[in-house]
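*Asks:*
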Amino acid sequence: MFGIQQSIEWSGSSMKEEPPVSGRNAVRTWMQGAGVLDANTAAQSGVGLARAHFPKQPPSNMRKSNFFRFVLALYDRQGQPAEIEGTALAGFMEKEK
Numbered sequence: 001m002f003g004i005q006q007s008i009e010w011s012g013s014s015m016k017e018e019p020p021v022s023g024r025n026a027v028r029t030w031m032q033g034a035g036v037l038d039a040n041t042a043a044q045s046g047v048g049l050a051r052a053h054f055p056k057q058p059p060s061n062m063r064k065s066n067f068f069r070f071v072l073a074l075y076d077r078q079g080q081p082a083e084i085e086g087t088a089l090a091g092f093m094e095k096e097k
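Numbering (UniProt numbering) for the sequence shown: 1 to 97.
#1: Could you tell me whether the Cβ atoms of PRO81 and ALA73 are closer together than 8 angstroms?
#2: Identify which residue in PHE70, ASN61 and SER60 has its Cα closest to the Cα of PHE54.
#3: Thinking just about the alpha-carbon of each residue, which of SER60, ILE84, PRO59 and ASN61 is nearest to the one in ALA52?
#4: How would you write the range of the beta strand (DSSP E) that LYS56 sits in, first residue to last?
#5: By the three-class DSSP mapping on this structure, what secondary structure does GLN78 have?
Structure representation (structure tokens):
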């Protein structure tokens, strides 16, 4: 039934495996080389986010829930919606008292 997939021979090297990292180092490692622009370059090129808001607010008891959903809308400097390909929760920030 799926003969074409069976006839394809895979060539090249296998994917590189990296040890898992946790905490803030995981985010820093992931962000390195992600195409982040410095403020001067972003200002000159017009690239950057200008506004963000929650059309659907996160629940007040978010830390106590196993599942939660919220929407965060991001807009560029021209007021156009910015599309995000993927997201991941890096962690919670506690309020400073």
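Note that the Cβ used here is the ideal one computed from N, Cα and C, for glycine as well.
*Replies:* Inspection of the coordinates gives the following:
#1: yes
#2: PHE70
#3: ILE84
#4: 49-56
#5: coil
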